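In what follows, a single structure is set out as structure tokens and then discussed.
Numbering (full-length UniProt numbering), first residue to last: 1 to 198.
Have a look at this one:
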């Protein structure tokens with residue numbers, strides 16, 4: 001057997017340094033579009049830089065927020081970009097024109113935003129210190145239920161098809177049905193006491 005051939009298949013990392021993208025701002029968050037051709041980078045100065053990853057050049061710069069951008073998310077078709085920031089705002093951007101289509105203000109800084117995987121009219125927002133919110137861009141919004149102040153969900157994400165929302169905190173994980181907000185599954189961490197025998 002050829003050991004060099006076998007070892008190359010087992011590697012899950014690149015063998016060579018591919019390069020870097022130079023920017024004036026410091027990158028805080030980044031995500032590729034569905035095709036992997038565009039990279040949206042949220043920066044510490046509130047800008048979003050969209051890189052054409054094929055040419056390694058800047059395709060567009062959005063002056064998005066006044067504080068650092070904490071999260072960006074592409075719509076399924078790649079025409080819209082969602083951004084959240086520590087300035088308490090969430091914005092929906094038209095990628096081609098660079099214009100802000102909609103802006104929402106929350107009660108605290110936003111840690112994570114996500115487009116629904118199948119519906120570009122639905123977004124999920126995770127404000128810090130508050131329950132995650134499912135926002136329909138037609139104006140409706142629903143806060144995800146929490147068991148109490150001590151059980152506040154700190155992160156939420158859609159599943160691959162967008163049927164369920166996974167939430168989590170320091171005490172466990174919970175799964176909610178996306179349309180009817182029915183609790184589907186819960187795994188709460190149980191505190192157990194260990195007895196030491198001498």
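Even glycine gets a Cβ: it sits at the ideal position worked out from N, Cα and C. The model shown is predicted, which means the values in this text are computed figures rather than measured ones.
For this session: Starting from residue 199, trace the beta strand (DSSP E) both ways and give me its first and last residue.
Result: Outside the shown range of the chain (1 to 198) lies residue 199, about which nothing can therefore be said.
For this session: Name, in chain order, the residues that DSSP records as bridge partners for residue 51.
Result: 39, 58
For this session: Take residue 22 as the anchor and find which of 105, 41, 159, 94 has the nearest alpha-carbon.
Result: 41
Exercise. Among the residues of its own chain, which have a CB less than 6 angstroms from the CB of residue 154, if the five just before and after it don't count?
Worked result: 169
Exercise. Can you give the Cα-Cα distance for residue 24 and residue 101, rounded to whole angstroms?
Worked result: 26 angstroms
Problem set entry | residue 107 versus residue 85: straight-line alpha-carbon distance, rounded | 12 angstroms
For this session: Measure the CB-CB distance between residue 78 and residue 34 and report whether it falls below 7 angstroms.
Result: yes
Problem set entry | residue 64 - DSSP class collapsed to helix/strand/coil | coil
For this session: State the Cα-Cα distance for the pair residue 53 and residue 20, rounded to the nearest angstrom.
Result: 11 angstroms
For this session: Take residue 128 and list the residues in its own chain whose beta-carbon comes closer than 6 angstroms to its own, dropping the five residues that flank it on each side.
Result: 108, 109, 111
Problem set entry | Proximity below 7 angstroms, CB of residue 137 to CB of residue 121 | yes
For this session: Compute the beta-carbon to beta-carbon distance between residue 132 and residue 76, rounded to the nearest angstrom, for a pair I have assumed lies under 8 angstroms.
Result: No, residue 132 and residue 76 are not in contact; Cβ-Cβ is about 20 angstroms, not under 8 angstroms.
Exercise. Given residue 45, which residues of its chain have a CB within under 7 angstroms of its CB, disregarding the five upstream and five downstream residues?
Worked result: 25
For this session: Please list, in chain order, all residues of the same chain as residue 198 whose beta carbon is under 6 angstroms from its beta carbon, the five residues on each side excluded.
Result: With a pLDDT of 37 at residue 198, under the threshold of 50, the modelled position of this residue cannot be trusted, and the question is left open.
Exercise. Between residue 73 and residue 114, which are expected to be in contact by the criterion C-beta below 8 angstroms, what is the C-beta distance as a whole number of angstroms?
Worked result: 5 angstroms
For this session: Provide the residue span of the beta strand (DSSP E) that contains residue 127, from first to last.
Result: 122 to 127
For this session: Take residue 167 as the anchor and find which of 59, 124, 91 has the nearest alpha-carbon.
Result: 124
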